[in-house]
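Each remark here refers to the structure printed beneath this line.
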Amino acid sequence: MSNYISTDSDWTFELLEEYDREIARVAAIYKLDTYPNQIEVISAEQMMDAYSSVGMPIGYNHWSYGKQFLSTQKSYKRGQMGLAYEIVINSNPCIAYLMEENTLPMQALVIAHACYGHNSFFKNNYLFRTWTDAGSIIDYLVFAKNYVRKCEERHGQEEVERVLDACHALQNYGVDRYRRPSPISAAEERVRQQEREEIRQQQLNDLWRTIPLKKKDDAPRKRRQYPSEPQENLLYFLEKNAPLLDPWQRELIRIVRKVSQYFYPQRQTQVMNEGWATFWHYTILNHLYDEGKVNEGFMMEFLTSHTNVVFQPGFDSPYFNGINPYVLGFNMFCDIKRICENPTDEDREWFPDIAGKDWLETVHFAMKNFKDESFIQQFLSPHLMREFHLFSIYDDDEAPTYKVGAIHNENGYRKLRETLARQYDLSMREPNIQIVSVDIEGDRSMTLRHTRQNSTPLSGDTYEVLKHLHSLWGFDIHLESWENDKKISRMSCPSITLDDL
Amino acid sequence: MSYVIDRRLNGKNKSTVNRQRFLKRYQQHIKEAVSDAVNRRSITDMERGEEISIPTRNTHEPVISHGKGGKQHRVYPGNKQFGTGDELEKPKQGGGSAGSGNASDSGEGEEDFTFFITKEEFLNYLFDDLALPNMVKKTLAKTKEFKTRRAGFVSEGTPNNLSVVRSMRNAHARRIGMGSGKRRKLKELQQLLLDTEAQSPADEVMLNSLKEQIADVERRLKLIPFIDDIDLRYRNKVKVPTPSSKAVMFCIMDVSGSMTQDVKDIAKRFYILLYLFLQKTYEHIEIVFIRHHTSAKEVTEEEFFYSRETGGTIVSSALNLMNQIIEDRFNSEEWNIYAAQASDGDNWDDDSPVCSRILAEKLLPAVQYFAYIEITPNQHQALWTAYQNLSRAFANQFALAQIRGPEDIFPVFRELFAKDRVKEAI
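Chains as they are written, first to last, in my numbering: chain A, 1 to 501; chain B, 502 to 927.
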């Protein structure tokens, strides 16, 4: 009698549960520590809905999500794109969506990938542990949705939209990079929001204005620098300091900021997260096959999907669209396993710490303590660079030609690895912009400093974003670009001011 | 621990609100696209959804990001022949395959953001801001149709309208109200009786008197009628005038030799727009096709648009026929009458004053709206002048416009039915 869990490719709920049980059993063997799973079977239309809310199971209403939905719907109906097999949400319990169209082997793949791969990553990676609170995110999103709706009722949809548009334009600058936010539940959040609002109302005491000011010394006072230190969290600064905003507007800024903060780790761990999940669906399903739980037909279908996912076209291929994070991540985790199990002399020289060690412990260690940038810097092996035929290109916009920098040879490995790692450094991918001063005694204008790297200018969108910033701040905005302590350019919103002339 | 949940039964239209918000935000663009589509589409094909394109720069959500340029190292896979220090020609304008994939802000190769709207949405955008002139006036003032509607309960009526539940409820309330004092009295007396009986030498006189009193109260309680005339309630029905939902649309067209197929096509599109528009407002629409050269005739749609005739033109023949048909079949108190006349402007010279007299005296008092479109790129002739005087005198019911080519159809239609115009008219 065969041991197979199933031989058919149609799924039923019983079979899904059966597979989930088996996969959970195997995952436990490999010490995958996960949140409880909530596996939800949905239709293609629902998948499109899930797509357009950028991975939030509940989102406040905004036209941009409608735009997202329309474009997804269009490309799906025209057959230009397939929908993802799954969407998984960093919450506790961890919610994973399965499409009903998937065949049984696909569902098993998705369960292994999302419910055990991504899930364990969410639970254990240091960035997620530090920056997100999986237990309260759903509650918070419900709070946000209701709050936005209430604001729309009270202040009108257009007013709310105006603030949200502005916040969305700045949402990548609404993240605390260094200070860890304390986890907070939605109920607490609601109470605190009310308190914040009340305190602001109470503190507005007109009497203070009537108190006579102390005579100042005649000596010209030193201009106070404000803020005392440059601020990189623009939305936070606006929420706390913008002079003209109403309490509810500040709260909206806060909501966008919190959501942005929630996604911050995901933006920094794409390679690792996808690589980890891919590595585990591959390992777990192969384990099931070795145990005789699934048959060859199942494996064939699974491997077809798997190889489609881990396909990396070369730079000159028409399909080339950057380095595929699934491929890079998957291969790196496989490579770590290889280095642990069968190290070559080269590996021993490059990775003395892990060569020959227990592979399971090592991959867990890597998953827990790194983000994309440091992960690549730490674990990308010469072996893999050769396999990918990596090379670097130096692109100087003033030179007539591209120059080939490091390639996959003895001289190039370190350079190549460093360059690739920097490509995943969020602070390199996004322009560095900080609030350096606010003229609180003068025209209240805000000055931002863009610290330019590698003479890369800002994109053409920048002025539009400044307009949004101006609408929140309420007074003039200046943006200066600096490189090597030299001011390169200056941009002002709403218009040119005297300083510019 | 895992749970598998079937969510397929949950609604699939979670994004509807957001989609509506998007459509609302880009209303202006969608309207433009819809107007374009109307003129582009074939005439039989007005009732379907439409693909809308909006330039991406309008729907773009700006974020701060790195622009092009600068000095950068980038890593690519798939090296086949390069060695360190090799120099590669930069591809000519337009960015090579090796570009970082950032959207260009130069406008080059910018794609439109396209999406579909449904047929209903299409028609809504098409007729947005348009209104049927004089609809309110006519339908409310002259209506002769009534519909009975419930209007609560009254105390008088016919037995077939008796509301049993209401009546019984009233009766119950009345019985409680009328009996409460007596019942209280009864209780007191009974209690007193018990007390008296309990005394060891019972006071016979007192007992008898109490018993008599109790019997009396009980008798009186029984006299309260179970149901009384004043309890009865009848369902009330009132007649409310209903706006007439019937409309008739007269299509009048000159089919003399000077009218080419192109001109007829333009006229047809105009009629179709009018038909769709009326359909949005009225449940039931009849269409009467009248074509004319020197004499007029009521014809079928097929004949109207495609058969050819030659000869001179006498417009008044068609107007007389229309008047005849209205008198015969479409009582103007019951029907909302709309008419659209299309012509290339030719008319028998002496006929134009006759036309304007027929319109002024007979037709315009009867119709809701009469639109005249002249499809010609040329100078106006006598008919136009005559009609122009009319339009001043009957600004409410009469309008005229000129269509030079297919691209004018929708703008002229909008002009004729613009809400502002209607407001002025009312």
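Just so you know, even glycine gets a beta-carbon here, dropped at the ideal spot from N, CA and C.
Rounded straight-line distance, which links the Cα of W276/A to that of Y282/A: About 10 Å.
Go to T462/A, then tell me how far its alpha helix (DSSP H) extends in each direction, as first and last residue. Taken as a continuous stretch (DSSP letters only), the alpha helix (DSSP H) holding T462/A covers 462-473.
Chain-ordered chain A contacts of V800/B [CB-CB under 8 Å]: Ordered by position in chain A, no residue passes the 8 Å Cβ test against V800/B, which lies about 43 Å from the chain.
What are the residues of the segment 114-143 of chain A that lie near chain B, defined by any Cβ-Cβ distance shorter than 8 Å? Correct list: C115.
Taking the continuous beta strand (DSSP E) assigned at Q38/A, which residues delimit it? In the DSSP annotation of this structure, the continuous segment of the beta strand (DSSP E) that includes Q38/A starts and ends at 37-42.
For W359/A, which residues from the same chain have a beta carbon less than 6 Å from its beta carbon, with the 5 sequence-adjacent residues on both sides left out? Shown here for W359/A: same chain residues with a beta carbon closer than 6 Å to its own, the five before and five after excluded, namely K337, C340, E341 in chain order.
Straight-line Cα distance separating C115/A from P431/A: Going from the Cα of P431/A to the Cα of C115/A covers about 35 Å.
Counting only beta-carbon separations shorter than 8 Å, does F333/A have a partner in chain B? Chain B has no Cβ within less than 8 Å of the Cβ of F333/A.
Would you please verify whether the beta carbon of H530/B is less than 8 Å from any beta carbon of chain A? Put simply, the CB of H530/B is far from chain A, with every gap to its CB atoms at 8 Å or more.
Could you give the C-beta distance for G314/A and G570/B, rounded to a whole number, given that I count them as a contact under 8 Å? The C-beta distance from G314/A to G570/B rounds to 25 Å, too long to fall under 8 Å, and the pair is not in contact.
Is N90/A close to chain B? Criterion is C-beta to C-beta, closer than 8 Å. So, not an interface residue.
8 Å Cβ shell around V718/B - same chain, five flanking residues per side excluded: Scanning its chain for C-beta atoms nearer than 8 Å, with the 5 sequence neighbours on each side dropped, one finds around V718/B the residues K683, K686, L687, L690, in chain order.
DSSP puts S554/B in a beta bridge; with which residues? Beta-bridge pairing links S554/B to T615/B.
Taking all protein chains shown into account, do 16 or more other C-beta atoms lie within 10 angstroms of the C-beta of D731/B, making it buried, or fewer, making it exposed? According to the sequence as given, residue 731/B is Ile; it is not Asp. By the neighbour-count rule (16 or more Cβ atoms within 10 Å), I731/B is not buried but exposed.
Taking only three categories from DSSP, how would you classify T517/B? In the structure shown, T517/B falls within a helical segment according to DSSP collapsed to helix, strand and coil.
Chain-order list of residues whose beta-carbon lies under 7 Å from that of H287/A (same chain, five-residue window excluded): Its chain contains V26 as the residues whose beta carbon lies nearer than 7 Å to that of H287/A, once the 5 sequence neighbours on both sides are disregarded; these appear in chain order.
Own chain partners of Y735/B with C-beta closer than 8 Å, once the 5 adjacent residues on each side are dropped: Excluding residues up to 5 positions away in sequence, F654, V655, S656, E657, G658, T659, N662, L663, S664 lie with their Cβ nearer than 8 Å to the Cβ of Y735/B in the same chain.
Check each residue of the segment 821-853 of chain B: if its Cβ is closer than 9 Å to any Cβ of chain A, include it; give the result in chain order. Taking 9 Å as the Cβ-Cβ cut-off, the segment 821-853 of chain B has no residue approaching chain A.
So, at 7 Å on beta carbons, what are the nonlocal neighbours of W97/A in its own chain, with the 5 sequence-adjacent residues on each side left out? In the sequence as displayed, the identity of residue 97/A is Tyr instead of Trp. Taking C-beta separations shorter than 7 Å and ignoring five residues to either side along the sequence, the partners of Y97/A in its chain run E40, I42, M47, A50, E86, I87, following chain order.
Please report the straight-line C-alpha distance between P325/A and E410/A, rounded to a whole angstrom. Spanning the two alpha carbons is a distance of roughly 25 Å.
Should the segment 798-807 of chain B be called in touch with the segment 831-840 of chain B, which here means at least 3 C-beta pairs below 8 Å? The segment 798-807 of chain B, when compared against the segment 831-840 of chain B, does not touch it at the 8 Å Cβ threshold.
CA nearest to the CA of C167/A, picked from N125/A, R192/A, E239/A: Among N125/A, R192/A, E239/A, the Cα nearest to that of C167/A is on E239/A.
Where E373/A and M272/A are concerned, what is the direct C-alpha to C-alpha distance, given to the nearest angstrom? Between the alpha carbons of E373/A and M272/A lies a gap of roughly 10 Å.
Where do the N-terminal and C-terminal ends of the beta strand (DSSP E) with D507/B fall, by residue? If you look at D507/B, you'll find it in the beta strand (DSSP E) that goes 503-507.
As a quick exercise: from R558/B, K515/B, T517/B, V539/B, pick the residue whose alpha carbon is nearest that of K769/B. The residue with the shortest Cα to Cα distance from K769/B is V539/B.
Using a Cβ cut-off of 8 Å (strictly closer), state whether G460/A contacts chain B. Judged by the 8 Å Cβ criterion, G460/A is in contact with chain B.
Write down the C-beta distance between A24/A and S503/B rounded to the nearest angstrom, noting that I regard them as a contact closer than 8 Å. Contact holds; Cβ gap of about 7 Å.
Under 8 Å, with one C-beta from each stretch per pair, do the segment 129-142 of chain A and the segment 101-108 of chain A reach the 3-pair mark? No, because fewer than three Cβ pairs between the segment 129-142 of chain A and the segment 101-108 of chain A fall closer than 8 Å, the two stretches do not touch.
Do Q312/A and F388/A come within 8 Å of each other at the CB atom, strictly closer than that value? Yes. Within cutoff.
At least one CB of chain B closer than 8 Å to the CB of K403/A: is that the case? Closer than 8 Å to some Cβ of chain B, the Cβ of K403/A qualifies, so yes.
Measuring alpha carbon to alpha carbon, tell me which of F122/A, E14/A, I138/A ends up nearest G59/A. The shortest C-alpha to C-alpha distance from G59/A to any of F122/A, E14/A, I138/A is the one to I138/A.
Over what stretch of residues does the beta strand (DSSP E) that includes K486/A continue unbroken? For K486/A, the enclosing beta strand (DSSP E) begins and ends at 486-493.
Decide if R348/A is buried, meaning its Cβ has at least 16 other Cβ atoms within 10 Å, or exposed. Taking every protein chain shown into account, the CB of R348/A has fewer than 16 other CB atoms within 10 angstroms, so this residue is exposed.
Between I565/B and T462/A, is the Cβ-Cβ spacing less than 8 Å? Less than 8 Å separates the beta-carbon of I565/B from that of T462/A.
By how many angstroms is the C-alpha of Y870/B removed from the C-alpha of S818/B? So the two alpha carbons sit approximately 20 Å from each other.
Whose Cβ in chain A lies nearer than 8 Å to the Cβ of D587/B? Neighbours of D587/B in chain A, taken as residues whose beta carbon is under 8 Å from its own, are K403, V404 in chain order.
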